[in-house]
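Have a look at the structure below, then the notes.
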Amino acid sequence: MQGLKVGVFADNLGLGVWEGIHKAAEIGADGIQIYTTHGEMLPENLTPARRRELRALIADLGLTLSATCSDFGAGLVDEARNRELLPKIKANIDLAVDLGTGIITTHIGRVPEDRADPVWSTLARALNEIGAYAQARGVVLATETGPEPGSTLRALLDSLDTEAIRVNFDPANFILYGYDHRQALDDLREYIVHTHAKDAKRGQGEVPLGEGEVDFTWYVGKLRAFGYQGFYTIEREAGRDPVGDVKKAIAFLRGL
15 MQGLKVGVFA
25 DNLGLGVWEG
35 IHKAAEIGAD
45 GIQIYTTHGE
55 MLPENLTPAR
65 RRELRALIAD
75 LGLTLSATCS
85 DFGAGLVDEA
95 RNRELLPKIK
105 ANIDLAVDLG
115 TGIITTHIGR
125 VPEDRADPVW
135 STLARALNEI
145 GAYAQARGVV
155 LATETGPEPG
165 STLRALLDSL
175 DTEAIRVNFD
185 PANFILYGYD
195 HRQALDDLRE
205 YIVHTHAKDA
215 KRGQGEVPLG
225 EGEVDFTWYV
235 GKLRAFGYQG
245 FYTIEREAGR
255 DPVGDVKKAI
265 AFLRGL
């Protein structure tokens, strides 16, 4: 499809972030997403000069930083742990500004269906605090999808007091968790600011794009009908040839 913005999760290429960025440009990506939760990419380890260098590299290669990933692996479902996590996420928001993107993604943890569940209020408090900080910085936090039906996540997002908590839509995750990704796309359409291009088969796990249950022609067409103009960032978390798989995924998306 013409005009499709195809991104690559640089970390998935197995080359390290800096070399992964070069490789993403070499294999024809329009943009990249990077983890900023470990090693050199942690905010406390990236000096102002190094941040400028990274931003310049991305621009010089003709790429766009579609988003950063601020997923520390714990979600936001535990009040005590949130006291440690929220400052880290805020530092990632500041880093996103310095690197030139307005989107950070993360997994917030499973949203309970019952609003009386204490986890619901824990999530809401954390997201409202993060959202207020992000909104003041011109950034949105886009939660990953999948651990709950789209309608459940939508209910939580609708209840928040901030406009800065959005959605990074991953159709494969719904399949992996046994939920309907088509219905979820309808449920969450107004919140989607970033997407992961990933495919899966129920009971088999992640598979290369076009070999699973996601009809990408339908998927892209539906998102375009909703007015989505953002990135389709390839996330390949399985397989033995990450660069080869991502190259094939880029060609697949270009050929839709």
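Under my numbering, the first residue of the sequence shown carries the number 15, and numbering increases by one thereafter.
Cβ coordinates follow ideal geometry from the N, Cα and C atoms, glycine included.
For residue 112, which residues from the same chain have a beta carbon less than 6 Å from its beta carbon, with the 5 sequence-adjacent residues on both sides left out?
Counting only Cβ-Cβ distances below 6 Å, and skipping sequence neighbours, we find 65.
Buried or exposed: where does residue 182 fall if 16 or more other Cβ atoms within 10 Å of its Cβ makes it buried?
By the neighbour-count rule (16 or more Cβ atoms within 10 Å), residue 182 is buried.
How is residue 240 classed by DSSP in three states: helix, strand or coil?
It is coil, neither helix nor strand.
Can you tell me whether residue 47 is buried or exposed? The criterion is at least 16 other CB atoms within 10 Å of its CB, across all chains shown.
Buried, since its Cβ has 16 or more Cβ neighbours within 10 Å.
Does any heavy atom of the ligand MG sit closer than 7 Å to the C-beta of residue 59?
In the structure shown, the ligand MG is absent, as is every other ligand, since no ligand is present at all.
Alpha carbons only, please: which of 76, 109 and 82 is nearest the one belonging to residue 63?
If we check each option's Cα against that of residue 63, 109 comes out closest.
Please determine if the segment 183-199 and the segment 133-146 are in contact, where contact requires at least 3 C-beta pairs separated by less than 8 Å.
Touching, no, given that fewer than three Cβ pairs across the two stretches are closer than 8 Å.
Have a look at the DSSP bridge pairing and note the partners of residue 245.
Note: residue 245 sits in a beta bridge opposite 19.
Count the C-beta pairs between the segment 73-88 and the segment 117-133 that are closer than 8 Å, then say yes if the count reaches three, no if not.
Yes, they touch.
What residues match up with residue 47 in a beta bridge as DSSP calls it?
23 and 81.
Compare the Cα-Cα distances from residue 131 to each of 91, 200, 160 and 45 and report the closest residue.
Taking only the C-alpha atoms, the option nearest residue 131 is 91.
Taking the DSSP output, what are the residues bridged to residue 179?
Residue 179 is bridged to 155.
Can you tell me the Cα-Cα spacing of residue 114 and residue 34, whole angstroms?
If I take the Cα positions, the gap works out to 18 Å.
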